[in-house]
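The structure is reproduced here in structure tokens:
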């Protein structure tokens, strides 16, 4: 019972964070739907564990806890993959900024060289 | 006017870069103007100062972004300044400057858009670990991009301007060598290999592709395929 209470409290807290993030436009509607449905499903599973058993029977898996375990593993792999892609994108953006500064710097140096040459 | 740009991506190469730059040709048959461009990839030693004292073009990355990023900066510079031909040359002193002429021949005769200097076509004592890394990389290149090369990791390459305008480098580190083959395949560029010689010193072996880096390169290429 205590674990149900603690987990429910944590999931409600996580859900409130998701709502706040979408309201302040920090996450997209797609991300909001993904995370909120994930936390709502988890909340339903915590409040009424029989629901997971229903899904287990439906999917042909023995126990409700196994369904949660399998889905969690698959989801974690997918999220790591998404984060890796996002990290690569961020690295690429940093490189693009560094490149533009480098090429602009070169242009600035050339222009100042031409100007000083003209002054002479 | 036919212009050639020799691009040297460099990261902390103060020990050898001066010698390498002095050894590079400033005049080549059929080429009116030869420029050397060092892309200093955020070196923390005196690489940049040494290059500037050698009277070559220098572009400086504020922070280290990797070989692919440095090459892409050099390519962008070459395209922006309309160089007819571009050669990439390792800054660690591994290549022989005399191979540049050999590399340019298929480009000048318009029989190739991209030329790769292959160390495997020239029978010599390449260290065993290097051969293994190279063979593994060649297999990966074949698997991912359906193009077979004898030396996918060679740093000595030649490009025409029209080829460079099509090639889009997205990877940032060592995986760029394989990515160039992806672009060759994607744009159906005419590709040739010429045998080159290589000088393996302790210094150049420390600087190049390492066997421990292979899984990372594989992972990055795999990730890039999903983008």
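Chains as they are written, first to last, in the working numbering: chain A, 1021 to 1140; chain B, 94 to 320. For each residue, glycine too, the CB sits at the ideal point set by N, CA and C. Remember, it's a predicted structure, so these values are computed and weren't measured experimentally.
- For residue 1062 of chain A, the three-state secondary structure derived from DSSP is helix.
- Here the alpha carbon of residue 109 of chain B sits roughly 9 Å from the alpha carbon of residue 296 of chain B.
- Beta-bridge pairing by DSSP links residue 211 of chain B to B/288.
- Looking from the CA of residue 233 of chain B, the closest CA among B/246, B/137 and B/221 belongs to B/246.
- Identification of chain B residues near residue 1108 of chain A by a Cβ-Cβ cut-off of 7 Å yields 316, ordered along the chain.
- Annotation note: the region 1043-1100 of chain A contains the following uninterrupted alpha helix (DSSP H) runs of length 4 or greater, listed N- to C-terminal: 1049-1067 and 1070-1079.
- For the region 243-267 of chain B, the beta-carbon criterion of a distance under 8 Å to any beta-carbon of chain A is satisfied by 263 and 265.
- Secondary structure note for residue 181 of chain B: its beta strand (DSSP E) is the uninterrupted segment 178-181.
- At a cut-off of 3 residues, the continuous stretches assigned as beta strand (DSSP E) that sit fully inside the region 115-151 of chain B are 126-134.
- The contact set of residue 170 of chain B on chain A, defined by CB atoms closer than 8 Å, consists of 1123 and 1126 in chain order.
- For residue 101 of chain B, no alpha helix (DSSP H) segment is defined; the enclosing uninterrupted segment is the beta strand (DSSP E) at 96-103.
- Using a Cβ distance threshold of 8 Å, residue 257 of chain B and residue 180 of chain B do not count as a contacting pair.
- Annotation: residue 251 of chain B is outside any alpha helix (DSSP H); the continuous beta strand (DSSP E) that includes it extends over 250-253.
- Sequence-distant Cβ neighbours of residue 1064 of chain A in its own chain, meaning closer than 6 Å and more than five residues away, are 1071.
- Minimum Cα-Cα distance from residue 1120 of chain A among the listed residues B/316, B/204, B/101 and B/154 corresponds to B/154.
- Taken atom to atom, the span from the alpha-carbon of residue 128 of chain B to that of residue 149 of chain B is near 7 Å.
- Per DSSP, the unbroken alpha helix (DSSP H) holding residue 270 of chain B starts and ends at 269-279.
- For residue 174 of chain B, no pairing in a beta bridge is given by DSSP.
- Under the DSSP assignment, residue 195 of chain B falls in the alpha helix (DSSP H) whose first and last residues are 192-201.
- Legend: CB atoms of the region 140-164 of chain B lying less than 7 Å from CB atoms of chain A belong to residues 152, 153, 154, 155, 156, 158 and 162.
- Contact between the region 189-204 of chain B and the region 281-289 of chain B is present: three or more C-beta pairs spanning the two stretches fall below 8 Å.
- Inter-segment contact for the region 226-241 of chain B and the region 266-284 of chain B is present: three or more beta-carbon pairs are separated by less than 8 Å.
- Boundaries of the alpha helix (DSSP H) around residue 226 of chain B: 221-238.
- Proximity of residue 1102 of chain A to chain B, defined by a Cβ-Cβ separation below 8 Å, is not satisfied.
- The Cβ atoms of residue 211 of chain B and residue 243 of chain B lie closer than 8 Å to each other.
- Taking C-beta atoms as the reference points, residue 114 of chain B and residue 188 of chain B fail to come closer than 8 Å.
- By the neighbour-count criterion, in which a residue is buried when 16 or more other Cβ atoms sit within 10 angstroms of its Cβ, residue 135 of chain B is buried.
- Pairing residue 170 of chain B with residue 259 of chain B, the inter-Cα distance amounts to about 14 Å.
- Interface residue (Cβ-Cβ distance to chain A less than 8 Å): residue 181 of chain B is not classified as such.
- With fewer than 16 other beta carbons inside 10 angstroms of its own, residue 120 of chain B counts as exposed.
- Under the Cβ criterion of 8 Å, residue 222 of chain B is not counted among the residues facing chain A.
- For a Cβ distance threshold of 8 Å, nothing in chain B lies close to residue 1023 of chain A: the least Cβ distance comes to about 38 Å.
- Contact between residue 197 of chain B and residue 102 of chain B fails: their C-beta atoms lie close to 19 Å from each other, not under 8 Å.
- Taking a contact as a CB-CB distance under 8 Å, the pair residue 183 of chain B and residue 284 of chain B does not count as one, their CB atoms being some 20 Å apart.
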